[in-house]
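>
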Amino acid sequence: MNNNTETRKNKHLNERERYAIELYLKEKYTVTEIAKRLGRHRRTIEREITRGTIYLQNSDLTYRKEYCADVAQRRYVENGKNKGPRLKIGRVVKNFVSD
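Here numbering that gives the first Met the number 0 is used: the first residue of the sequence shown is 0, the next is one more, and so on.
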């Protein structure tokens, strides 16, 4: 039995929160501090940072990791498209019908 009377609201991060994460990371906040400021669990922020991390090339041809809110939002939308029930027809039939 679930005795928790609180309801979960805003389960998913929105685009504004992703930009806030990007800003806080540039200002060298820790993941725990970011989570407290946004009112989210630390692990949620860690997963979001993993989702939006890209590798950028420096002028000396070395690479650095950086969080990009635009990339994270794009990946979130793309991953959301993969949700839903499985097709009862095969992929080949689906592609044939849609063409």
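Glycine included, every Cβ here is placed at the ideal spot set by N, Cα and C.
1. Which residues in the same chain as H40 place their Cβ atom closer than 8 Å to its Cβ, once the five residues preceding and following it in sequence are excluded?
2. What's the gap between the Cα of E14 and the Cα of E77?
3. By how many angstroms is the C-alpha of K10 removed from the C-alpha of T43?
4. Using the rule of at least 16 other Cβ atoms within 10 Å of the residue's Cβ for burial, across every protein chain shown, is I53 buried or exposed?
5. Use the C-beta contact count for Y62: other C-beta atoms within 10 angstroms, 16 or more gives buried, fewer gives exposed.
6. Can you name the start and end residues of the alpha helix (DSSP H) that R50 belongs to?
7. Can you say whether E26 is buried or exposed, counting buried as having 16 or more other CB atoms within 10 angstroms of its CB?
8. Following the continuous alpha helix (DSSP H) through E65, name the residue where it begins and the one where it ends.
Put simply:
1. A34
2. 14 Å
3. 10 Å
4. exposed
5. exposed
6. R41 to G51
7. exposed
8. Where E65 is concerned, there is no enclosing alpha helix (DSSP H), although the beta strand (DSSP E) it sits in stretches over Y62 to Y66.
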